[in-house]
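Engineer: Residue numbers (the working numbering): 142 to 667. Ideal Cβ placement from N, Cα and C applies to all residues, glycine included. The model shown is predicted, which means the values in this text are computed figures rather than measured ones.
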C-alpha cells in the first residue's frame, strides 16, 4: 500500500506544471552554458601588435583563472593575475618583420613602442573580451534555436549567456592583481634549467636595464655601417666574404644583428660553429627557422648543446648545409666540418677527464683526427675546417690553413703547434711531394658568443658581448683579413669593430676601436 502511494506521489510530481517548467529551464540553462563554452573556445581569439610582436590572445573557460604567456621555445609563464572562470592565454611566438625593420630603421620608435605597449595590451584585452561576449551570445542563440525552435526560449538562452559571460568577465576584471607579474611561475625549459636562469631577480633587473638602453644600442648598431669606408686594406672585388658566428644559444636578438651584417658587408655565406640552441629539445627546433630568411648559404656544424633533432631541423632549411665529417664548396672556398661528438646540454662545468689529450681515448681529439683524415683524402684543396670545441683542433694542425671554432664564448687567435710525432704516426704517411714542401701553419680562430651566451649573459655583472667576425678570402682560399665585431651585451650600448690583416704572426685580439656615439677610427693591426 505504501509503495502504491509513493508511485502515485511521484507521478503527480512529474505531471505537475512546475516540474515541467523547471525541466525546460534546466535544459535552456544547459544549452546556454554549452553555447558559452563552445563560442568562447572557437571564436574568442584575437591578434594584436605589441611593439614588433604579433601576440595571439585567447580566452577559455577555467576554474582557477589566471594568465598564461607562451614564449616559445623557452616555455611558458603563468601569472595568478585574476580569479574567476576566465583564463587568458597570450602567445608571443612571432615577430612582424615589417614592424621590426621599422624599429631598426628608426631608433626613436623603440621608446614610443615601449610606451604604447601597455595601451596595446589593454586595448587587446578589451577587444578580446567584447569578442568573447559576442561569440558566447551568438553561439547560445544558434544552439538554442536549433534545439527548442521557440522564440521565448531562444531569447532566454541569449540572456543567460549574456549574464554568465558578462559576470565572468566582470569578476576577472574586479579581481585583477597587477603585482602578480613579480611572482611568475615558469613551466617548460626554464624550470629544468636553473643553471641557465640563475637568480630570476637579477635577470629581471638586468633585462629592465637592457630595455631602458635598447634605443641607444640599436642606434649605435647603425654606426657599424660607417666603419666600412674607414677600414684599411679594403678587399678587392674577387674576395669571398664569410660571416663566422657561433654559440647563439637561443638569443632571438642574434638574428637581426646577423641580417644587418650580411646586408652591410655583402656577405657570401655564413658559417655557424655550433651551439645554436641550449638544450637540444624539440621546442627549440622552431628557433632555427629564421635561417631561411638570412638570404645567403648557411653552413652549420653541431655543438655540444645541439641534439640530432636540432641538426635535422637546420638541415631542413632551404639555404642550410650541415657538415658532419663532410666537405662543401661555396663561392670557390672549400670548407670541411664535423659536429661535436659530445652532447652535454646540462651546462655543467666539469674537469677534463683523464686522457683528454690522448688521441686514443679523447672523443674530441678522435673527431678532429677523423676530419683531418677526410681532408687529406679529399680530391680538392680545403681552405677552412670547422669544429665546435677548440680541443678538437690539434689533429688538424698542418692539414688545413685555417680552423674555425667556438664553444668558449671568448675570442682568441693562435697558431696550432706542429703535429706531434704520435699524431703523425696515427695519420697516413704523406706523399713524397708533400714531404718536400714546408709544413703548413694552421691558424685557429675561436669565435665569441654571437648570442651573448644566451640567458646566461643576463646573470653576470659584466654581460657577455655579442661577437661575430667577417673573414676575407682571396681566390686561392687564403685568409687575408678579418673584422672582429662586438656588440655590447645586456645594459651596454657600444659597438666595436677591428680590422685584422693577416701577417707572419697571430693577430692581436685586443684594443678594438670603439664606436660609442662618435665617428669610429679603425686602427689596423698591420
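Checking the sheet assignment: what are the DSSP bridge partners for residue 452?
Structural biologist: Note: residue 452 sits in no beta bridge, so no partner.
Engineer: Taking Cβ to Cβ, would you say residue 462 is nearer than 8 Å to residue 438?
Structural biologist: Cβ distance < 8 Å, so residue 462 and residue 438 count as in contact.
Engineer: Where does residue 282 sit, in a helix, a strand or coil, going by DSSP?
Structural biologist: Three-state DSSP puts residue 282 in a helix.
Engineer: So is residue 407 buried or exposed if we call it buried at 16+ other beta carbons inside 10 Å?
Structural biologist: Classification for residue 407: exposed.
Engineer: Please list, in chain order, all residues of the same chain as residue 528 whose beta carbon is under 8 Å from its beta carbon, the five residues on each side excluded.
Structural biologist: Only 414, 442, 478, 479, 481, 508, 509, 512, 534, 537, 544, 545, 546 meet the Cβ criterion.
Engineer: So the alpha helix (DSSP H) residue 640 belongs to, where does it begin and stop?
Structural biologist: Here residue 640 belongs to no alpha helix (DSSP H); instead the beta strand (DSSP E) covers 636 to 642.
Engineer: When the Cα of residue 390 is compared with those of 206, 486, 514, 224, which residue comes out closest?
Structural biologist: Ranking the options by Cα distance to residue 390, first place goes to 486.
Engineer: Between residue 96 and the rest of its own chain, which residues show a CB-CB distance below 6 Å, the 5 nearest in sequence each way excluded?
Structural biologist: Outside the modelled stretch of the chain, which goes from 142 to 667, sits residue 96, for which no answer is possible.
Engineer: Within the same chain, show all residues whose beta-carbon is closer than 6 Å to that of residue 231, passing over the 5 residues directly before and after it, in chain order.
Structural biologist: Same-chain partners within the cutoff: 196, 198, 210.
Engineer: Leaving aside the five residues before and after residue 180 along the sequence, list all residues of the same chain whose C-beta is less than 6 Å from its C-beta, in chain order.
Structural biologist: If we look at residue 180 and ignore the five residues flanking it on each side, its Cβ neighbours are 276, 277, 280.
Engineer: Please report how far the alpha carbon of residue 623 lies from the alpha carbon of residue 266, in whole angstroms.
Structural biologist: Distance between the alpha carbons of residue 623 and residue 266 is about 50 Å.
Engineer: Give the straight-line distance between the Cα atoms of residue 383 and residue 503, rounded to the nearest whole angstrom.
Structural biologist: Looking at the two C-alpha atoms, the distance is approximately 31 Å.
Engineer: Do you know how far the Cα of residue 291 is from the Cα of residue 161?
Structural biologist: If I take the Cα positions, the gap works out to 16 Å.
Engineer: Of the residues 401, 397, 419, 379, which one's Cα is nearest the Cα of residue 388?
Structural biologist: Per the Cα distances, 419.
Engineer: For residue 198, which of helix, strand or coil comes out of DSSP?
Structural biologist: If DSSP states are grouped into helix, strand and coil, residue 198 belongs with the strands.
Engineer: For residue 585, which of helix, strand or coil comes out of DSSP?
Structural biologist: Note: residue 585 maps to strand in three-state DSSP.
Engineer: Look at the alpha carbon of residue 471 and the alpha carbon of residue 433, and state the distance between them as a whole number of angstroms.
Structural biologist: About 17 Å.
Engineer: Taking all protein chains shown into account, do 16 or more other C-beta atoms lie within 10 angstroms of the C-beta of residue 298, making it buried, or fewer, making it exposed?
Structural biologist: With 16 or more other Cβ atoms within 10 Å, it is buried.
Engineer: Looking at C-alpha atoms only, which residue of 532, 518, 188 is the closest neighbour of residue 264?
Structural biologist: Minimum Cα distance to residue 264 is reached at 188.
Engineer: Alpha carbon to alpha carbon, how far is residue 412 from residue 386?
Structural biologist: Between residue 412 and residue 386, the C-alpha separation is close to 6 Å.
Engineer: Quick check on the burial criterion: 16 or more other C-beta atoms within 10 angstroms. Buried or exposed for residue 560?
Structural biologist: Buried, by the Cβ-count rule.
Engineer: Quick one: Cα of residue 294 to Cα of residue 423, how far?
Structural biologist: Between residue 294 and residue 423, the C-alpha separation is close to 50 Å.
Engineer: At which residues does the beta strand (DSSP E) containing residue 410 begin and terminate?
Structural biologist: Here the beta strand (DSSP E) through residue 410 covers 410 to 413.
Engineer: Relative to the alpha-carbon of residue 430, which residue among 460, 170, 165 has its alpha-carbon at the smallest distance?
Structural biologist: Of 460, 170, 165, the residue nearest in Cα terms is 460.
Engineer: Could you check which residue in 220, 435, 416, 427 has the C-alpha nearest to that of residue 396?
Structural biologist: Of 220, 435, 416, 427, the residue nearest in Cα terms is 435.
Engineer: Provide the residue(s) that pair with residue 625 in DSSP beta bridges, ordered along the chain.
Structural biologist: Per DSSP, 610, 639.
Engineer: How should residue 453 be labelled, buried or exposed, when 16 other C-beta atoms within 10 angstroms of its C-beta is the threshold for buried?
Structural biologist: Residue 453 comes out exposed.
Engineer: Go through its chain and collect everything with a Cβ distance to residue 398's Cβ below 8 Å, but skip five positions before and after it.
Structural biologist: Cβ neighbours of residue 398 beyond the five flanking positions: 362, 591, 607, 609, 628.
Engineer: Residue 228 bridges to which residues according to DSSP?
Structural biologist: DSSP, once it has assigned bridges, lists 201 as partnering residue 228.
Engineer: Return the bridge partner residues of residue 510 from the DSSP annotation.
Structural biologist: Note: residue 510 sits in no beta bridge, so no partner.
Engineer: Short check: CB of residue 525 to CB of residue 474, under 8 Å?
Structural biologist: Going by C-beta atoms, residue 525 is nearer than 8 Å to residue 474.
Engineer: Using a Cβ-Cβ cutoff of less than 8 Å, which residues in the same chain neighbour residue 551 once the five nearest sequence positions on both sides are dropped?
Structural biologist: So the qualifying residues of the chain are 587, 589.
Engineer: Anyone know if the C-beta pair for residue 392 and residue 416 falls short of 8 Å?
Structural biologist: No, the Cβ-Cβ distance between residue 392 and residue 416 is not below 8 Å.
Engineer: Compute the Euclidean distance between the alpha carbons of residue 556 and residue 580, then round it to the nearest angstrom.
Structural biologist: Approximately 13 Å, taken between the alpha carbons.
Engineer: Can you give me the Cβ contacts of residue 469 inside the same chain, cut-off strictly under 6 Å, excluding the 5 residues immediately before and after it?
Structural biologist: Taken in chain order, the residues that qualify are 462, 476.
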